[in-house]
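Structure record follows, encoded as structure tokens.
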Amino acid sequence: MHSEKASLGLKAAAWGGLAFLHIPILIIVLYAFNTEDAAFSFPPQGFTLKWFSVAFSRVDVLESIKLSLQVAAISTLIAMVLGTLAAAALYRRSFFGKEGISLMLILPIALPGIITGIALLSAFKSLGIEPGLLTIVIGHATFCVVIVHNNVIARLRRTSHSLIEASMDLGADGWQTFRYIILPNLGSALLAGGMLAFALSFDEIIVTTFTAGHERTLPIWLLNQLSRPRDVPVTNVVAMLVMLVTMLPILGAYYLTKGGESVAGSGK
């Protein structure tokens with residue numbers, strides 16, 4: 001009879017992997033509260049909230065946060081509408097070219113971000129569109145749509161079609177069936193997909209670099225800070241904020257879909 005307990009070596013490997021992934025994050029959090037303004041003075045000299053007030057009094061930080069929140073919100077809204085419509089069109093019907101359309105929907109999240117960024121930049125230039133808020137939103141929406149689509153179509157496949165048929169048989173029209181039968185069943189999947197799309201949009205940097213022009217989202221602000229060692233404490237505070245803003249929606253999406261289908265797209 002085999003023991004269900006993991007071996008000591010396996011436990012050590014698991015804890016070692018977790019430490020490898022999370023110790024760098026913990027260091028950023030730790031030094032966000034360090035009293036010293038040096039880059040990394042180990043051990044930390046004390047505890048302070050000074051750098052938080054410094055960070056949130058800077059106009060460039062606040063403008064970058066505002067832009068990132070604006071882009072993430074608009075991209076998520078577009079993704080929830082287009083992703084849901086695409087999932088509804090594809091989940092049951094069979095037609096010529098269905099597999100090709102499904103592949104094109106998934107492709108933006110499968111391609112390396114640099115390829116997507118170059119392709120979008122070339123398209124915008126050929127159309128005479130200047131990089132700015134609009135181009136960033138379009139760039140982010142390309143992969144946010146995939147996230148929402150995958151979550152919604154997974155939920156639709158688990159929803160009994162007999163419920164929809166019963167609603168129609170009882171005299172409900174298409175809108176009533178969607179409002180009272182389909183939408184309540186899609187609620188948690190839509191919310192999870194939207195939360196995950198928001199998190200991914202908020203911290204996206206590769207596609208944003210090609211589509212932002214002179215605009216500066218929070219991840220681009222962080223990238224620019226690497227050449228300014230004197231601002232390391234402020235940079236640590238902002239990096240911690242980005243981690244929190246992205247971590248909380250992802251955890252929420254995980255708990256919303258736990259026990260059902262997986263959170264589609266979380267691998268990005």
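Heads up: the sequence shown begins at 1 in full-length UniProt numbering, then just goes up one per residue.
Beta carbons are placed, not taken as given, at the ideal position from N, Cα and C, and that holds for glycine.
Just so we're clear, the structure is a prediction, and the values are computed from it rather than from any experiment.
Close-in-space but distant-in-sequence residues of the same chain around residue i (CB under 6 angstroms, 5 per side omitted)
i	result
Arg-155	Leu-186 and Ala-189
Gly-139	Leu-120, Val-207 and Thr-211
Ser-7	none
Pro-249	Met-195, Phe-198 and Ala-199
Arg-68	Checking the sequence, you will find Ser at residue 68 rather than Arg. Cβ within range, chain order: Phe-202, Thr-217 and Leu-218.
Minimum C-alpha distance to residue i - residue among the options
i	options	result
Ser-122	Val-207, Leu-133, Gly-171 and Gly-97	Val-207
Ala-72	Val-54, Leu-90 and Leu-133	Leu-133
Pro-29	Thr-246, Leu-251 and Ala-239	This sequence places Val at residue 29; Pro is not what is there. Comparing Cα positions, the closest option is Ala-239.
Leu-82	Ala-197, Val-54, Ile-164 and Val-148	Val-148
Gly-252	Asn-236, Gly-193 and Thr-235	Gly-193
Val-137	Arg-92, Glu-99, Ser-126 and Ala-197	Ala-197
Val-152	Pro-131, Pro-184 and Ser-126	Pro-184
Ser-102	Leu-241, Ala-88, Leu-69 and Leu-67	Ala-88
Within 7 angstroms, strictly: CB atoms of residue i and residue j
i	j	result
Phe-33	Phe-56	no
Thr-177	Ser-167	yes
Ile-78	Ala-141	yes
Asp-203	Pro-219	yes
Val-124	Thr-135	Note that residue 124 corresponds to Phe in the displayed sequence, not to Val. The answer is yes: Cβ separation under 7 angstroms.
Ser-64	Arg-216	yes
Gln-225	Thr-209	no
Close-in-space but distant-in-sequence residues of the same chain around residue i (CB under 8 angstroms, 5 per side omitted)
i	result
Thr-35	Pro-44, Gln-45, Gly-46, Phe-47, Thr-48 and Lys-50
Met-247	Ala-199
Cβ of residue i within 7 angstroms of any chain C Cβ
i	result
Ile-23	Included in the structure is just one protein chain, with no chain C present.
Counterpart residues of residue i in DSSP-defined beta bridges
i	result
Phe-47	Asn-34
7 angstroms CB neighbourhood of residue i in its chain, flanking five on each side removed
i	result
Ile-106	Val-146
Ile-205	Pro-219, Ile-220 and Leu-223
Val-237	Ala-32, Trp-51, Phe-52 and Ala-55
Pro-108	Thr-116, Thr-142, Phe-143 and Val-146
Ser-201	Val-71, Ala-72, Ser-75, Thr-76, His-140 and Cys-144
Arg-228	none
Leu-256	Ser-188, Leu-191 and Ala-192
Inside the segment 149-220 only - alpha helix (DSSP H) runs reaching at least 4 residues | 161-169, 174-177, 183-202 and 206-211
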